[in-house]
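Taking it in order: structure first as structure tokens, then the write-up.
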Amino acid sequence: MSETHEGVHRHPAPTGFIRKYIFSLDHKVIGIQYILLALAAVAVGMTMSLLMRMNLSWPGTSWPILGTLFPTGAPGGVMNPEFYLSLVTMHGTIMVFFVLTTAPQGGFGNYFLPIQIGAEDMAFPVLNMMSFWVTLVGFIVILLAIVVEGNQSLGEWFGALGPSFVGGSGTVGPIGGWTGYAPLSALGRIAGPGQGAGMNLWVISIAIFCVGSLLGALNFITTLLNMRTKGMSLMRMPLTCWAWFTTAVLALLSFPVLLGGGILLLLDRIAGTSFFIPGGLYVSGVLSGTNPNFPLHTGGSPILWQHLFWFFGHPEVYIAILPGMGATSHILATFARKPVFGYRAMVFAIFAIGLLGFFVWGHHMFISGMSPYSAVAFSVLTLSIGVPSAVKTFNWIGTLWGGRIRFTTAMLFALGFVSLFVAGGISGLILGQSSLDLAMHDTYIVPAHFHLVMGVASIFGMFAALYFWFPKMFGRFMNESLGKFHFWITFIGVYSIFIPMHVMGLVGMPRRYSQFTEYAFLNKLHPLVLFVSISAIITISVQLVFYFNVFWSMFKGAKASDNPWDATTLEWNTSSPPPHDNFAGVLPTVYHGPYEFAVPGAPNDFVMQTDASAEVISSNGHNGHKH
Amino acid sequence: MGRALAVIIWIITALSVLMFVSKKWWFPTAISEHGPALDRQFLITIIVVGISFAAAQIGLGWMVWKYRDTGKAGDRGLYTHGSNRLEMIWTVVTAVVFISLGIMGQSVWASLRLHDAPAGSYTVEVVAQQFQWNFHYPGKDNVFGKTDPKLIDDGSLNFVGLDESDPNAKDDSVITALAIPVNKPVELRLRSKDVIHSFWVPPLRFKQDLVPGMEIKVHFTATKVGQYELACAELCGQLHFKMRSFMLVLPDDEMDSLKGLPQAQFQARIKELLAKYPITTD
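Just so you know, the sequences run in chain order A and B.
Quick note: the first sequence uses the working numbering, first residue 1, plus one each step.
Quick note: the second sequence uses the working numbering, first residue 1001, plus one each step.
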């Protein structure tokens, strides 16, 4: 399988600023563009969580600055329920799509997959550029979705697209959660605030995002299968590449379903179709078909939207976390100075997670009204997905066992990933059981679970990746003291935020409530709500240190050598940062598996994949190269 | 650094486990027949989860405590690529434990969802709308009057579209609170007029979405007299957070006294009962 395509995709290094940094065909620049997009998006998403926590802990308080910035969402500085709910919606959408799907795959995957397999670029550089720019358009549209309803002139401008696009109604952003359940999301303005033009733009943004991700996925798969350099057999690839590859396959199979669902939803909203809207609805005092504001709908299925959404949505969870798993395996081995424990089992586990990920979407829908018999199958399959996840955890701990661990910031975040992945993943054993879901569904234990595992663990994987690869990308280190400070506060902070949310769920606290003031049974949780908010405020503030570190280090960080971490894979075999064609015209030849650390008899404690002189006899016989 | 991280991981683990074990924030007492079985399944699960969580975190902490780089020249890590035997063992063990849990977890589900309500269950139709719960009682004839979306008129308080010309509708009542008998099987027929809502009374230990265009039947038996809060658990729009109602679980005599009351008196009587029973919150 392994072959080279010298010259086929070679394109000369661009000279102008625009072709070099803006409309670049270079996978490395595109990777950095994705990372910058994610950094911008995560800042927006995090600010939203800050506002939500403020409202939950101090409901009814007037924050004058909020009133100035959002006169419709926070009149007099007091946040109204619709503003809160649109923050919920936008926070989820921005984080899941524009952070957790961009940085891990489009960002780090784009930058390092071609280098790690010894290619000069992606298979389709123009497609790669397009996938980024399409994604960026999606991000701009989602930002417009927040403001179109609040801003009169913008609302009128969008009104040119059709009556359902007329904004400026005075509410703030779309309301539907990141899952956009129909028919709330399908009915339009009649269903209340947050269902107007902003919701149209929300659907359109997601559809655009799907297209961008599909372009990216095609590129990743083709590149990995066809462009590996000489000697880079599949089982010599770093685990990062396996993770990016599997992620791309998941994206290729799941995003079209969401794209299709999104188009149908948009048609329901603007063209009067009834894919997700049943007949006989009576909304806001109006019967369907008796008023021009509420045309006749009949025969649609609300549950169909949930099936389409979650058929995408569950694989999406793995799209978010698999690259973090890959990066963690890679970084753990490097800084434990040991080969990855059970490389082959790790590859199988990645595949098993990816495959099973397509058969468990129904666990989001136990109480949706779908067939209770299918719930039985979904439940047992869901529990079985814990097996490859546990296998990965055992192997990470096995990798550390007997190592000589170097506690760099990257390593700390990778270790944090393992801890958080366990903490977040394990509650899946509770939520995956249809019986227990009867009590747990839509309570705070659900956000506790998925924030720890797909949110924070994935982000820790990205932090680890950035601290680790920064010297390669920019030729300079990130500051380690600031990095460690960032790690300690963030690590303790995220646990303080999300562990208490589990017990809130046991008490029965429902998600997506703008205040917890209306129910007597929730009163005893108020101290916990306050504790979570304070933890969140501290944790979010510390991210400013991270942002400072990133941008300061780009220009002022300590200079890095080509292989500052004594690592083994191909990206450390070229200059920091790599030249335009990655390897200065000479593609490397690979002789070893990716994680040959601590090889007995070798001159150093690491053997690079390109090292032709070293003799490595792998203990399980498949990585080794004998000559 | 390794020791500090180990200690922090262990402290976080201990505090997390303590948060559950202390039971300071825990389920309200179950008031349904299936509740104790669900709680038992939760307990078994949380023990497995707790042990796995603690074991993994303690193990992770131990590795970073013990195997830090001492900086000694020539000192190298263990050269191993893994062990097929270990892979087999932990794959099989976790598969057996996790899948057994999953199968055990089906029994409560099966009792509630794979069986119809017992014959003669006390039946109430629940019709949700943005941000209100309507409960439609069949009256003394035990037959629900016909309803039709075309007849819904919130303005004249016909919230469920009851057809007044249907003789079966004459003794029906529609009010905004749920009253059910204690220790008798109850069937709810769940419908929604507009968007998806979800029926959630925490001490009952179940939830069910109300989906427009569908009638979903659920059944349960409440075992403790009292008043309980009913919440909406599916995002339904602006005032989702205050789509609140109440469930009264009543002894036989009080339930009997409701029977056959015309709408206005039924409503007044429920009001009295709501005032009589304090809201149970734990």
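Glycine included, every Cβ here is placed at the ideal spot set by N, Cα and C.
Note that the coordinates shown come from a computational prediction; the quantities given were computed from them, not determined experimentally.
- Considering only Glu1033/B, Val1049/B, Phe1144/B and Pro1181/B, the residue with the shortest C-alpha distance to Met1255/B is Pro1181/B.
- Residue environment analysis places Glu1164/B among the exposed positions, since fewer than 16 neighbouring C-beta atoms fall within 10 angstroms of its C-beta.
- In this structure, the straight-line span from the alpha carbon of Tyr343/A to that of Ser1245/B is close to 55 Å.
- DSSP places Gly1074/B in the coil class of the three-state scheme, outside both helix and strand.
- Distance from the CA atom of Met608/A to the CA atom of Glu596/A, rounded to whole angstroms, is 7 Å.
- Note that the C-beta distance between Val203/A and Gly150/A is not below 7 Å.
- Counting only residues of its own chain and dropping the five nearest sequence neighbours on each side, Val283/A has a CB closer than 8 Å to the CB of Leu187, Ile190, Ala191 and Phe294.
- Among the residues facing chain A, Val1211/B is included, as its CB has a counterpart in that chain under 7 Å away.
- Between Gly1260/B and Lys1170/B, the gap from beta carbon to beta carbon reaches 7 Å or more.
- A Cβ-Cβ contact shorter than 7 Å links Val42/A with Val99/A.
- The stretch 1206–1222 of chain B makes contact with the stretch 267–285 of chain A: 3 or more CB pairs, one atom from each, lie closer than 8 Å.
- In the three-state reduction of the DSSP assignment, Ala464/A falls in the helix class, which pools H, G and I.
- Taking 7 Å as the cut-off, the beta carbon of Asn55/A is found no closer than this to the beta carbon of Ala123/A.
- Residue pairing for Leu1188/B: DSSP places it in a beta bridge opposite Val1124/B and Val1218/B.
- Counting only runs of 4 or more residues that sit fully inside the stretch 1246–1282 of chain B, the alpha helix (DSSP H) segments are 1252–1258 and 1263–1276, in chain order.
- Non-local C-beta neighbours of Asp1148/B in its own chain, meaning closer than 7 Å and more than five positions away in sequence, comprise Gly1161 and Asp1163, ordered along the chain.
- Among the residues facing chain B, His441/A is included, as its CB has a counterpart in that chain under 7 Å away.
- The stretch 156–172 of chain A makes contact with the stretch 72–87 of chain A; the number of CB pairs closer than 8 Å reaches 3 or more.
- Beta-carbon to beta-carbon, Glu571/A and Ile117/A are separated by about 10 Å, too far to satisfy the 8 Å threshold.
- Contact check for Val545/A and Leu482/A: beta-carbon distance about 6 Å, within the 8 Å limit, so the pair qualifies.
- From the beta-carbon of Asp581/A, no residue of chain B is found nearer than 8 Å; the closest lies around 33 Å away.
- Look at the stretch 302–382 of chain A and you find these whole runs of alpha helix (DSSP H), each 4 residues long or longer: 302–336 and 343–356.
- Per DSSP, reduced to three states, the secondary structure at Asp1153/B is strand.
- Sorting Ile497/A, Leu287/A and His314/A by C-alpha distance to the C-alpha of Val257/A places His314/A at the top.
- Counting along the chain, the unbroken alpha helix (DSSP H) around Gln1041/B starts and ends at Gly1035 to Lys1066.
- Tyr595/A: not part of any alpha helix (DSSP H); DSSP gives it neither H nor E.
- Shown here, Thr1029/B sits in coil according to DSSP, grouped into three states, outside any helix or strand.
- Between the stretch 509–527 of chain A and the stretch 560–568 of chain A there are fewer than three C-beta pairs closer than 8 Å, too few to call the two in contact.
- Per DSSP, Glu571/A lies in no alpha helix (DSSP H) segment and is marked neither H nor E.
- If you look at Cys241/A, you'll find it in the alpha helix (DSSP H) that goes Leu239 to Ile270.
- Listed along chain A are Ile175, Leu184, Ala191 and Gly192, each with a C-beta nearer than 7 Å to that of Gly1237/B.
- Contact between Thr539/A and Ile497/A holds: CB atoms are separated by about 6 Å, below the 8 Å threshold.
- Boundaries of the alpha helix (DSSP H) around Asn128/A: Pro125 to Val147.
- By the Cβ neighbour-count rule, Ser575/A is exposed, with fewer than 16 other Cβ atoms within 10 Å of its own.
- Using a CB distance cut-off of 7 Å, Glu149/A does not count as an interface residue toward chain B.
- By the criterion of a C-beta distance shorter than 7 Å, Arg1068/B is surrounded in its chain by Gly1002, once the five residues flanking it on both sides are discounted.
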